[in-house]
Structures are given as C-alpha cells and as structure tokens.
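This report refers to the structure that appears directly beneath it.
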Amino acid sequence: MTSNIKCNLINGKWQKGAKATDNINPANTTDIVGVYSSGSRDDVNVAAEAAKDAFHGWANASPQVRHDLLDAVGNTIAARKAQLGELLAREEGKTLAEGIGETIRASQVFKFFAGEALRVKGDTIASIRPGVGIDVTREPLGVVGVITPWNFPIAIPAWKIAPALAFGNCVVMKPAALTPGCAHMIAEILMECGVPDGVFNLIMGSGSIVGEAILNHPDIDAVSFTGSIPTGKHVAAKCFETNKKFQLEMGGKNPMVILDDANLEVAVSACISGAFFSTGQRCTAPSRFIVEKGIHDQFVSLMKEGMAKLVVGDPLDVNTSIGPVIDERQLQSNLNYIEIAKQEAAEVFGGERLELDKPGFYQNPALFLGTTNDMRINREEIFGPCASVIKVEDYDEALRVANDTSFGLAAGICTQSLKYATKFKREAEAGMVMVNLPTAGVDYHVPFGGRKGSSYGPREQGQYAVEFYTTVKTAYTYAG
Ligand code: NAD
C-alpha cells in the first residue's frame with residue numbers, strides 16, 4: 066500500500082477510511098491505478114448529518130449559484146478529458162476513445178443541469194373557490210443517496226449528482242467498489258469549483274457496509290440507484306421500509322430485430338458496436354438479435370466476418386476495439402454462460418478467454434447461433450460481450466419474441482420499411498426504441514430508462530430528471 070491513499074469527502078474534508086483498497090487495472094493486473102479508502106457506517110452517519118445541516122443553505126441558494134457551480138464543474142471535466150478518460154480506461158477497461166467520450170458526456174450532463182437549475186417551473190391554477198389562488202411549486206427533496214455501478218464510472222455519477230445539486234438537494238454518494246477513481250475525481254473537481262461543505266459527500270467502499278448505511282440512514286430522504294436487479298430489489302425493499310423516495314435503473318436483455326429489408330451494412334454495424342463495444346458491459350447493449358429468415362444466413366456470415374476483425378486488447382492501445390472484462394468474477398460468469406449456451410445446444414462462435422502480453426481479463430466476443438428465446442442465455446442478463454441470434458418467420462413473430470422478456474430497457478429494429486419502423490416504435494415494450502441504430506448510445510438531454518423489470522420510478526436525464534429530484538407543493542391563498 067502506498068501512503069498516497071485517496072480519501073473520502075465528508076463535510077468538505079478529505080478523510081481516510083478505516084481500510085483502503087487497491088484499484089486494479091483489469092487490462093493489466095500488475096498496474097495499481099490507485100489506493101482508495103473504504104468508508105464505514107460511521108462515515109456515512111457523519112456525511113448524512115453534514116448533508117442535512119447543509120441542506121437549508123443549498124436549497125435556498127440562488128439558482129445562479131447552483132448554475133455557476135455545475136457549469137464550472139462541466140468546464141473543468143471537459144478541460145481534463147484526456148486525464149479523466151485515461152483514468153476511466155485504466156480502472157474500467159474501456160478503450161481510451163470510449164473513456165474520453167464518456168468523460169465528455171459527463172461534462173455535457175453537468176452543463177445541461179447548470180441550465181436546468183435556472184429553469185425550475187411551477188404552475189398557477191385557478192381555484193374552484195372564488196378569491197382563492199393556487200400555486201404549484203417544486204422543492205428539493207433533502208439529502209439524496211446516490212449508488213452507482215462500475216460500467217459507466219463517470220457518466221452515471223454525473224447524471225445523478227448534477228440534477229440532485231441543480232434542484233437544491235445535498236448528496237451522499239457511494240460509487241461501485243471496483244471503480245472509485247472517476248467518482249473521486251468528480252469530488253475533487255466539485256471541491257475545486259467551490260461546492261459548500263456538506264453539500265456533496267463521497268464515501269467509497271462496499272455495498273454491504275456503505276450502501277447499507279445509506280439505505281438505513283434516517284436523514285437520507287431519497288436514493289437514486291443504478292445496478293443489478295437483485296441489488297435493486299433490495300434497495301427498493303429497504304427504501305420502502307425507511308420511507309425514502311427511490312429510483313432504480315437496472316438490467317436489460319435488449320432485442321434488436323433485423324427484418325429482411327434491412328440495410329445489412331447498417332444492421333451489422335449496429336449489432337457489432339452495440340453488443341460488443343465497451344466489452345458488452347452496457348445495460349443498453351443489444352443481446353438478442355431477432356432475425357427474419359430471409360436475411361438470417363447472410364446476417365450471420367457478415368456478423369462473423371465483422372467480429373473476426375475486432376481487436377481485443379489493451380484499452381490504451383489505439384488499435385484496440387474491445388478492452389477487458391471488468392474482473393475475474395465477471396469473466397467467469399461470462400464463460401459459464403458460454404458453457405450453458407453449449408448445453409442448450411446453441412452453436413457458439415468465439416467467446417474464448419484470451420491470454421495476452423499483460424495479465425488481464427480478456428475475452429473474445431461470443432455469438433450464439435441457432436438459439437430460441439426460451440433458453441437461459443436469452444432470458445438472463447449476461448452483461449458481457451455475448452449475444453444470440455434467434456431466427457423468426459416474420460415481423461409479428463419478431464415483435465412477440467422481442468417483447469417476451471422480463472426486461473424492458475431498450476429495443477431496436479433495422480428495417481427500411483416506414484410501416485414496420487413505425488409499428489415497432491409503438492409496439493416495443495421498452496423505455497427506449499431505436500430504428501437503424503444500436504440500442505446502446507443515447508443523448509443526454511432526453512429521458513433515459515425502461516419498463517418492466519429494468520426500471521422503477523421516474524426517468525433519469527433531460528428535463529424529466531426534475532420529477533425524481535424534486536417534490537411538488539400545492540399552495541392555496543385567499544386574497545379576499
Ligand atoms: P450491483 O448491483 O452489483 O452494484 C451496484 C451498486 O450497488 C454498487 O455501488 C454496489 O456496491 C451497490 N450495492 C451492492 N450491494 C448493496 C447493498 N446491499 N446496499 C446498497 N448498495 C449496494 O451492479 P454492478 O455489478 O455494479 O453493475 C452492473 C449492473 O448494473 C448490470 O445489471 C447492469 O445492467 C446495470 N446497469 C444498469 C444501467 C441502467 O441505467 N439501467 C446502467 C448501467 C448498469
């Protein structure tokens with residue numbers, strides 16, 4: 066362990082935790098990205114109390130003050146995109162280009178919500194009683210607990226922290242234990258840009274200690290969570306018990322329908338980039354390619370050709386198209402699903418573990434062929450570079466298969482038919498629908514989220530974020 070341990074941020078002070086953990090580069094396990102403090106329940110208690118104390122001042126600060134802070138944070142993140150993008154690539158394993166792209170996205174999110182701080186609206190409505198006026202206004206919730214996963218270690222923290230602060234809430238944040246580095250950098254930047262003490266607190270560490278302490282703390286009024294379905298269900302039960310408002314963004318098993326009339330070049334490119342870039346570790350990645358029978362064989366052969374050209378390697382090497390899997394546990398889980406695919410009589414193309422120059426968690430992308438929608442590989446989220454092909458008769462069967470899932474995050478269709486594109490946009494049971502585009506890859510100024518088992522609560526991002534991060538007050542005035 067080095068003496069340069071990255072600390073938690075509690076009430077404006079950097080504080081070492083009781084323990085510290087190495088942040089390991091999944092592309093080279095001999096590379097320690099940094100040593101990061103792990104917080105305790107007491108750390109969360111102190112942070113939550115500080116956030117509660119800071120709330121009145123922050124909620125009543127001029128929107129201009131909140132705008133200026135978020136705008137400065139957005140500008141600073143953008144100015145440091147090379148440094149942050151590299152840190153992201155080293156701690157998460159995304160390619161450098163993806164890491165820089167995600168960093169730019171975080172900057173855009175902060176700048177968008179800087180503007181939103183100035184645009185909080187209300188309503189004036191006529192009363193049914195003479196002489197009475199009604200105002201409906203939005204107010205912040207109080208202290209928001211933010212719990213995030215490892216796969217977008219700067220963008221997801223940004224799209225929760227920025228709206229929380231913009232609308233006048235204070236934050237106690239816990240990033241994923243595997244990727245504390247980017248969240249720590251956001252905390253450093255918030256401090257540099259002058260966030261008042263207690264308004265933003267960062268406690269790194271495990272879900273079982275820090276996460277649980279956030280869920281249990283009575284001064285935390287709301288929780289915004291992104292992660293897996295089992296953890297999400299636990300978060301929901303705890304928040305219900307402790308009377309917190311909550312929002313969950315969880316897994317996906319996103320369908321991508323390819324009809325006979327699709328532009329194959331567009332379809333194959335959308336399927337390859339969507340399913341395998343970022344090592345397939347995106348909740349919006351398409352993982353079920355539902356292909357009409359007339360185009361099936363040609364699609365499969367072009368997919369194999371395209372996949373053979375993908376270079377799995379060191380994220381910092383410009384020739385790399387796919388970095389490593391996040392850790393050994395996730396890699397073993399992916400390999401286990403590849404075994405399940407074989408047991409379920411699917412033909413498996415690719416998917417081998419790779420040993421490269423540097424010790425890391427490398428895997429070739431896998432395509433499962435000849436599959437049916439009832440197989441486990443098509444019902445459970447794998448969360449790695451693995452996707453299936455399901456052959457169907459026509460659009461109607463494709464739609465049935467696409468919607469036959471407990472998830473409902475994103476759904477895509479590749480077709481040149483206006484009729485089927487329009488029908489699919491209406492009929493797909495998903496929060497986001499893409500036509501001739503990968504299901505992964507979204508804009509930051511519009512709502513993000515899903516249906517069924519994928520999401521719970523109001524949408525994230527864009528103007529819709531105000532629904533979660535504020536509460537509405539209805540005030541009646543008699544002026545007679
Ligand atoms: P995870 O559920 O294991 O962890 C998510 C977060 O919850 C982490 O910070 C973790 O430490 C914390 N946590 C764990 N146990 C906890 C507990 N008992 N109490 C409180 N917090 C606890 O998920 P992950 O492996 O980090 O992320 C992968 C999952 O995230 C995938 O299922 C993926 O689909 C999902 N995801 C969803 C979206 C979306 O917007 N829908 C985006 C990205 C990732």
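The opening position of the sequence shown corresponds to residue 66 in the working numbering, with each subsequent residue numbered one higher.
Glycine is no exception: its CB is placed at the ideal position from the N, C-alpha and C atoms.
Own chain, CB closer than 7 Å to residue i, minus 5 neighbours either side, in chain order
{"i": "Pro424", "result": "Asn93, Thr94 and Thr95"}
{"i": "Leu434", "result": "Val365, Ala411, Glu412, Phe414 and Val454"}
{"i": "Ala467", "result": "Pro320, Val322, Ile355, Ala476 and Ala493"}
{"i": "Pro240", "result": "Thr213, Pro218, Pro222, Ala248 and Met269"}
{"i": "Ser343", "result": "Lys159 and Glu163"}
{"i": "Gln113", "result": "The amino acid occupying residue 113 in the given sequence is Ala; Gln does not appear at that position. Excluding sequence neighbours, Ala113 sits near Val208, Val237, His282, Asp284 and Ile285."}
{"i": "Gly514", "result": "Glu314, Gly496, Ser520, Arg524 and Glu525"}
Residue range of the unbroken beta strand (DSSP E) whose run includes residue i
{"i": "Pro523", "result": "First-last for Pro523: undefined, no H or E at that position."}
{"i": "Met238", "result": "Cys235 to Lys239"}
The alpha helix (DSSP H) enclosing residue i, as first and last residue numbers
{"i": "Cys348", "result": "Segment: none, Cys348 is in no alpha helix (DSSP H) and carries neither H nor E."}
{"i": "Leu329", "result": "Leu329 to Phe341"}
{"i": "Val365", "result": "Lys358 to Ala373"}
{"i": "Arg203", "result": "Careful: Arg203 lies outside any alpha helix (DSSP H), inside the beta strand (DSSP E) at Val197 to Pro205."}
{"i": "Ile142", "result": "Pro128 to Ala144"}
{"i": "Tyr509", "result": "Looking at the DSSP string, Tyr509 is not in any alpha helix (DSSP H), and its letter there is neither H nor E."}
{"i": "Asp461", "result": "Tyr460 to Asn468"}
{"i": "Thr487", "result": "Leu483 to Glu492"}
{"i": "Leu421", "result": "Taken as a continuous stretch (DSSP letters only), Leu421 belongs to no alpha helix (DSSP H), as it is neither H nor E."}
{"i": "Ile254", "result": "Gly246 to Glu257"}
Residue i (DSSP reduced to helix, strand or coil)
{"i": "Ser453", "result": "strand"}
{"i": "Trp548", "result": "Absent from the structure is residue 548, since the part of the chain shown begins at 66 and ends at 545."}
{"i": "Asp107", "result": "helix"}
{"i": "Gly378", "result": "coil"}
{"i": "Trp215", "result": "coil"}
{"i": "Asn125", "result": "coil"}
{"i": "Asn281", "result": "helix"}
{"i": "Tyr534", "result": "helix"}
{"i": "Met66", "result": "Since pLDDT at Met66 reaches only 43, below the 50 mark, its modelled position is unreliable, and the value read off the structure follows with that caveat. Met66 falls in the coil class under three-state DSSP."}
{"i": "Asp439", "result": "coil"}
{"i": "Ser289", "result": "strand"}
{"i": "Ala302", "result": "helix"}
{"i": "Glu445", "result": "coil"}
{"i": "Met269", "result": "coil"}
{"i": "Ile387", "result": "strand"}
{"i": "Glu326", "result": "The question names Glu, yet the displayed sequence has Asp at residue 326. Coil at Asp326, not helix or strand."}
{"i": "Ile193", "result": "coil"}
{"i": "Thr95", "result": "coil"}
{"i": "Asn308", "result": "coil"}
{"i": "Glu410", "result": "The sequence given here places Ala at residue 410; Glu does not occur at that position. Reduced to three states, the DSSP call for Ala410 is coil."}
{"i": "Phe178", "result": "helix"}
{"i": "Val275", "result": "helix"}
Beta-carbon spacing of residue i, residue j below 7 Å
{"i": "Asp118", "j": "Gly263", "result": "yes"}
{"i": "Asn76", "j": "Asp108", "result": "no"}
{"i": "Ala340", "j": "Ala350", "result": "yes"}
{"i": "Ala154", "j": "Gly164", "result": "yes"}
{"i": "Lys298", "j": "Phe472", "result": "no"}
{"i": "Ile403", "j": "Gly416", "result": "yes"}
{"i": "Val383", "j": "Leu419", "result": "no"}
{"i": "Tyr521", "j": "Leu324", "result": "no"}
{"i": "Cys235", "j": "Ala116", "result": "yes"}
{"i": "Leu255", "j": "Val138", "result": "yes"}
Own chain partners of residue i with C-beta closer than 6 Å, once the 5 adjacent residues on each side are dropped
{"i": "Gly210", "result": "Val237, Ile279, Ile285 and Val288"}
{"i": "Thr67", "result": "At Thr67 the pLDDT is 45, less than 50, meaning the model places this residue with poor confidence; the figure from the coordinates comes in the next sentence. Only Val100 meet the Cβ criterion."}
{"i": "Gly545", "result": "Gly196"}
{"i": "Ala242", "result": "Ser271"}
{"i": "Thr189", "result": "Asp200"}
{"i": "Phe489", "result": "Ile478"}
{"i": "Tyr541", "result": "Val197 and Ile199"}
One or two residues paired with residue i in a DSSP bridge
{"i": "Met497", "result": "Ala475"}
{"i": "Asp87", "result": "Val100"}
{"i": "Leu161", "result": "In the DSSP output, where bridge partners are listed per residue, Leu161 has none listed."}
{"i": "Asn73", "result": "Gln80"}
{"i": "Glu314", "result": "Thr291 and Ser520"}
{"i": "Val209", "result": "Val236 and Ala287"}
{"i": "Gly415", "result": "Ala431"}
{"i": "Asn319", "result": "Pro351"}
{"i": "Asp188", "result": "Val201"}
{"i": "Ala540", "result": "Asp200"}
Same chain, Cβ closer than 8 Å to residue i, five either side skipped, listed in chain order
{"i": "Lys407", "result": "Val413"}
{"i": "Asn90", "result": "Asp96, Ile97, Val98, Arg155, Glu156, Gly158 and Gly425"}
{"i": "Asp133", "result": "Ala179"}
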